[in-house]
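There are 2 protein chains.
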Amino acid sequence: MAATIKDIAKQLNISVSTVSYALNGGPRSVPDDIRESVLRVAKELNYRPNRVARSMVTGKSDTIGVVPPEVTDNVFLSPYLHLALNGIINEAGRQHQDVLLFTRCSEVDRDELASILVDGRVDGVIFIAPHFSEKSVELAASLHSPCATVSGVPLDGVLSFSVDNESGVASAMGHLYGLGHRKIAHIAGRLDMQDALVRLQAYQAFLRNHHISYREEWVGMGQFTIDGGRRAMAQLLTLPEPPTAVFCANDEMALGALFEAHSRQVRVPEDISIVGFDMTPGSENVYPGLTTVRQPIGELSAAAVRALKALIDGKEPQEPTVFQTELIIRQSTTCPKEHKS
Amino acid sequence: MAATIKDIAKQLNISVSTVSYALNGGPRSVPDDIRESVLRVAKELNYRPNRVARSMVTGKSDTIGVVPPEVTDNVFLSPYLHLALNGIINEAGRQHQDVLLFTRCSEVDRDELASILVDGRVDGVIFIAPHFSEKSVELAASLHSPCATVSGVPLDGVLSFSVDNESGVASAMGHLYGLGHRKIAHIAGRLDMQDALVRLQAYQAFLRNHHISYREEWVGMGQFTIDGGRRAMAQLLTLPEPPTAVFCANDEMALGALFEAHSRQVRVPEDISIVGFDMTPGSENVYPGLTTVRQPIGELSAAAVRALKALIDGKEPQEPTVFQTELIIRQSTTCPKEHKS
DNA sequence: GAAGGGTTGAGAAACGTTTCGGAGAACCAG
DNA sequence: CTGGTTCTCCGAAACGTTTCTCAACCCTTC
């Protein structure tokens, strides 16, 4: 039985509109004495404005929605999603927005996913690393509801924030190449995701540019997971001619590769060098520390929130933004054996 | 300009109530032919129900709120909060609930925090590890809105989920004691949080029960953070008589302690043993692997969601639930030096 | 003292749903 | 044919806000 604006009005024998104006410093002024008594009675009755009712009228909710790439158990354990979500939350707080997490996208069909985008509970939506097959981004764009993607395909009507994968991959591969590696394998992520595909292509482009022939058996599919990385590494290590270095499309697969190497008594980096991508917290404290490509996931996500908020506020949509990466050299990479002695 | 129920009614020349019944399989039946045409037109018009309006009438939102212990930048980077949030999201999805993250608790006063609890956007709230000073839990309880705490103080009218800290601490301390350690220090967490306080007390109780005298200088304050753990460890290591083992109230502080030991050329576990608490993912892959006390944070949080949902659905409130811990012995603990040779 | 402007506050509409009350039609049993 | 039950479906109320319209009043100013 929460108190409403009507209760206040009744108690003071004034109209609800006056109460509303007083409470909000509303579009109209009210005399000081009335305002004070309204505030007093509001406090007495323990009045709390009902945000749902307000949303109903204003059409605003001060809440932004976040759609994960998929909804399976423990998606949010992914370090990438973790960093992205953290960045979103940080910035959302600053922008005075709450965050609504959609947890039910998988069990409903795409149509319904679209419905949650426009059901009035959020002012805008951020899609984190959507799959190519995910139609809801286009749907959201076609509904003209403010939306943004983090690491998605740039699309008309959608704010887009991504990282310069090409130069990131080039720096990682260049590092290995510079150390003398020529037998460089790649463990790719889920190819139905933008980052994975682009990184694979950039890997291939690097080989081409450096006149190294592309060998299909040196590309493993790691699905962006630790286990996937392990399996892919296992395959690579049992090849008749194994590579001397592995570039992984994210840190989790790199960790998996590292663990697989450990369990097969293959030394890292002496026997094989490993490079990751993302610079997740977990890449730092393993043994040996993982050489990786830092991408500013948090900043990228925060920028998405900022731009989304601006769009919601009626500003002009921001152009697609590409963030730069940075190579972080740690202990998991060194010269190939043949080169050394 | 989203289509509404009215548009459907107008197009078919029937009343909105009939449309609503048809759409919802509502409390009343409608003839099959009408239902079908309603569904058809709804599809044609791309109709999406407005959840806000529905909430308004039904008073339900199918959304549960999550309140972090505090809102500062990067709170959600905390592995504890990460695991808790992940557990909540997993279970919320299963219970067909979305998750609203409150990002704005710090800048508003407690009163306002309470207001977001009952502003109609959520059906219930989960407080994760609230501080003692946090009045909003009591406030929420007094407002009779469904709420739960994870690792909070048990309180009337609040569902409570926590872990058996006493036995967890006893198993960790017992492990060190069994290895021969008698000089056991403790790095405590934020003492304005339930878990930290109880673990400190359990540490003291263990010493008492084993007739080891309590030494104040062997208790460091680590604030539950890596940096705090580092600083506390630095102090312990510069003591005239340093301890041979350190029991930390969480894994992050244990990692901090580990790193500090590394940087001072103090070997772990040969020179000093370290035990953590939580079994966060980060504790596994460091060198040496961290002995720790596993607490099922995810399950605990999931249970909170389940119980909260049941309460929202009008079931009887579940009794406070205490989860058991499990000692995970890895490589960061061994016998003290004096004992060995 | 009348015209005009500004201030004040009451009343009501609107947002999009759900669901109740009840009117009319159809059907059945007596 | 009558009385009761069941089926249809319309109209309207309700949820709690925000904000518009409009009337009443007060104060200038000519």
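Protein sequence lines, in the order shown, are assigned to chains G and W. My numbering numbers the first residue of the first sequence as 1 and each following residue consecutively. My numbering numbers the first residue of the second sequence as 1 and each following residue consecutively. All residues carry an ideal CB built from backbone N, CA and C; glycine is no exception.
Any chain G beta carbon closer than 8 Å to residue i
| i | result |
| --- | --- |
| residue 56 (chain W) | yes |
| residue 128 (chain W) | no |
| residue 328 (chain W) | no |
| residue 69 (chain W) | no |
| residue 86 (chain W) | yes |
| residue 104 (chain W) | yes |
| residue 340 (chain W) | Only weak support is given to the placement of residue 340 (chain W): the predicted model assigns it a pLDDT of 45, under 50, and the value that follows is read from those uncertain coordinates. Not an interface residue. |
| residue 50 (chain W) | yes |
| residue 97 (chain W) | yes |
| residue 82 (chain W) | yes |
| residue 278 (chain W) | no |
| residue 161 (chain W) | no |
| residue 227 (chain W) | no |
| residue 16 (chain W) | no |
| residue 76 (chain W) | yes |
| residue 302 (chain W) | no |
| residue 146 (chain W) | no |
| residue 89 (chain W) | yes |
Within 8 Å, strictly: CB atoms of residue i and residue j
| i | j | result |
| --- | --- | --- |
| residue 104 (chain G) | residue 71 (chain G) | yes |
| residue 150 (chain G) | residue 101 (chain W) | no |
| residue 293 (chain W) | residue 162 (chain W) | no |
| residue 138 (chain G) | residue 155 (chain G) | yes |
| residue 330 (chain W) | residue 288 (chain W) | yes |
| residue 83 (chain W) | residue 280 (chain W) | yes |
| residue 222 (chain W) | residue 173 (chain W) | no |
| residue 33 (chain G) | residue 131 (chain G) | no |
| residue 263 (chain G) | residue 290 (chain G) | no |
| residue 305 (chain W) | residue 48 (chain G) | no |
| residue 300 (chain W) | residue 323 (chain W) | yes |
| residue 334 (chain G) | residue 269 (chain G) | yes |
| residue 128 (chain W) | residue 31 (chain W) | no |
| residue 146 (chain G) | residue 123 (chain G) | yes |
| residue 256 (chain W) | residue 224 (chain W) | no |
| residue 183 (chain G) | residue 244 (chain G) | yes |
| residue 282 (chain W) | residue 282 (chain G) | yes |
| residue 175 (chain G) | residue 311 (chain G) | no |
| residue 266 (chain W) | residue 274 (chain W) | no |
| residue 23 (chain W) | residue 42 (chain W) | yes |
Assigned exposure category for residue i - 16 Cβ within 10 Å defines buried
| i | result |
| --- | --- |
| residue 59 (chain W) | exposed |
| residue 10 (chain G) | exposed |
| residue 113 (chain W) | buried |
| residue 29 (chain W) | exposed |
| residue 207 (chain W) | buried |
| residue 336 (chain G) | buried |
| residue 97 (chain G) | buried |
| residue 298 (chain W) | buried |
| residue 314 (chain G) | exposed |
| residue 358 (chain G) | Within the shown structure, residues of chain G are numbered from 1 to 341, placing residue 358 (chain G) beyond reach of any answer. |
| residue 20 (chain W) | buried |
| residue 25 (chain W) | exposed |
| residue 78 (chain W) | buried |
For residue j and residue i, believed in contact at Cβ under 8 Å, the rounded distance
| i | j | result |
| --- | --- | --- |
| residue 277 (chain G) | residue 249 (chain G) | 6 Å |
| residue 233 (chain W) | residue 219 (chain W) | Rounded, the Cβ-Cβ distance is 12 Å, inconsistent with contact. |
| residue 178 (chain W) | residue 125 (chain W) | Their Cβ separation, rounded to whole angstroms, is 42 Å, which puts residue 178 (chain W) and residue 125 (chain W) out of contact at 8 Å. |
| residue 185 (chain G) | residue 236 (chain G) | 5 Å |
| residue 45 (chain G) | residue 7 (chain G) | 6 Å |
| residue 160 (chain W) | residue 152 (chain W) | 7 Å |
| residue 286 (chain W) | residue 285 (chain G) | 5 Å |
| residue 76 (chain G) | residue 86 (chain W) | 4 Å |
| residue 204 (chain G) | residue 214 (chain G) | 6 Å |
8 Å Cβ cutoff, residue i in contact with chain W
| i | result |
| --- | --- |
| residue 222 (chain G) | no |
| residue 309 (chain G) | no |
| residue 101 (chain G) | yes |
| residue 92 (chain G) | yes |
| residue 141 (chain G) | no |
| residue 120 (chain G) | yes |
| residue 281 (chain G) | yes |
query: Which runs of the alpha helix (DSSP H) fall wholly inside the stretch 27–83 of chain G and span at least 4 residues, in chain order?
result: The DSSP assignment places complete alpha helix (DSSP H) segments of no fewer than 4 residues inside the stretch 27–83 of chain G at 32–44, 51–58, in order along the chain.
field: Complete beta strand (DSSP E) runs within the stretch 164–224 of chain G (minimum length 3 residues, chain order)
entry: 184–188, 219–221
query: Which whole runs of the beta strand (DSSP E) in the stretch 282–328 of chain W are 3 residues long or more, in chain order?
result: 292–294, 321–323, 326–328
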